[in-house]
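Visitor:
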Amino acid sequence: MNDEEIRPHTDAIVNRMFTTTADQNYILARVAFVAKLDWDFFWLSLHALEKYMKATLLLNGLAANRNRGHDLIALYKEIKKIDRRLEYGPFVQPPYEGFFWREITVDKFLVRLNAYGSPDNRYNLYGYTISLDDLFKVDQLIWSARRLCKRLKEHLADGDWSTDVDWIDILQRNPERWSIDQSLPLEKLLLSDDDALLQPFVRNMNFAFAPDHLHQVDTIRLTAHNPPLVAWFDRLKSNDASIETKETSAAVLGWVKKNIKLSKNDAHELDDVLAAYRSGRST
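Going by the working numbering, the final residue of the sequence shown carries number 394, and the count climbs one at a time with no gaps.
(1) Skipping 5 residues on each side, what residues in its chain have a beta carbon closer than 7 angstroms to that of L385?
(2) Does the Cβ of K192 have 16 or more other Cβ atoms within 10 Å, making it buried, or fewer, making it exposed?
(3) My output table needs one value for W278: the three-state DSSP class, helix, strand or coil.
(4) Specify the secondary structure class of D122 as computed by DSSP and reduced to three states.
(5) Decide if N211 is buried, meaning its Cβ has at least 16 other Cβ atoms within 10 Å, or exposed.
(6) Please give the ranges of any beta strand (DSSP E) in the segment 115 to 169, keeping only runs that are unbroken, at least 3 residues long and fully inside the region.
(7) Are the beta-carbon atoms belonging to R295 and T131 less than 8 angstroms from one another?
(8) Which residue marks the beginning of the beta strand (DSSP E) containing I331, and which one marks its end?
(9) Distance check for D149 and G238, CA to CA, integer angstroms please.
(10) Select from I371, E380 and S390 the residue whose C-alpha is nearest the C-alpha of N235.
(11) Could you please give the first and the last residue of the uninterrupted beta strand (DSSP E) stretch that includes E265?
(12) Look up T240 in the DSSP assignment and give the residues it is bridged to.
(13) How would you write the range of the alpha helix (DSSP H) that T356 sits in, first residue to last?
(14) By Cβ distance, which residues of its chain are closer than 6 angstroms to D250, with the 5 residues on each side in sequence left out?
Quick look at the structure:
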């Protein structure tokens, strides 16, 4: 049997494996933001967006296992290969004053989300900055990506009758349309009143999915968190640090290299820093 003959079954698998779990990740990302669990917010946001993107690829005849991993930039490039009209964004500042808003392109924000939501940053390897602006942009990205989780071009036929449906054109002509399946977790929360626990987390401040909600913007904040290794790098490179401090710093960073799994690039960077220190010490 060819792929088209089993497509109803494979589409159902994609919806259960990717779209459903992406909804759950996104719901928990918003809970994490409100609870100030920032690493989880970035991690869950990246995973939600990644799954929506992969669902779009799979539902439109493309594979999602081409070594792209969690790379949102690579996935976004694949999405745009489906049709040149497919674009996320641009970001639109919500109708609320008094909070920090960063003017940034979708591509650059995906780079930011790639870094802060990276598996390595689960361990605070890179640190982060976060503001309400990040939540609003994640909402808008999820909204843009999720509405594309469907067959974007369909050929319908019944006897002598047939027609081609261009969902990209339909979505562009209906810019407020986002629902894809009301049985999915996110739509259940947004379109019914059955879950009093999670609904406030999903609706409040969600100008993308719930623009008509009476929003209470009460988490205006700008937070930065430095990674723990920065202080040791600074001590190792400082002209004012004592020899003992530098030696301790080199030993600590060497221990990190030996005992903690780092990405290839991070491991090379750490090797270069330690090699430069040892070279300078020997001269």
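Virtual Cβ for every residue (Gly too), placed ideally from N, Cα, C.
Guide: Let me spell this out:
(1) Around L385: A361, L364 and G365.
(2) Exposed: under 16 other Cβ atoms inside 10 Å.
(3) Of the three classes helix, strand and coil, the one that applies to W278 here is helix, per DSSP.
(4) The DSSP-derived three-state label of D122 is helix.
(5) Looking at the sequence provided, one finds Phe at residue 211 rather than Asn. Taking all protein chains shown into account, F211 has fewer than 16 neighbouring C-beta atoms within 10 Å of its C-beta and is therefore exposed.
(6) Counting whole runs of 3 or more residues, the segment 115 to 169 contains no beta strand (DSSP E) stretch at all.
(7) This sequence places Leu at residue 295; Arg is not what is there. Taking the C-beta atoms as reference points, T131 is found nearer than 8 angstroms to L295.
(8) First-last for I331: undefined, no H or E at that position.
(9) Whole-angstrom Cα-Cα distance: 10 angstroms.
(10) Ranking the options by Cα distance to N235, first place goes to I371.
(11) Looking at the DSSP string, the run of the beta strand (DSSP E) that includes E265 is K264 to D269.
(12) T240 pairs with A335.
(13) First-last of the alpha helix (DSSP H) with T356: I354 to N370.
(14) For D250, the CB contacts under 6 angstroms within the same chain, skipping 5 residues up- and downstream, are N317 and A319 in chain order.
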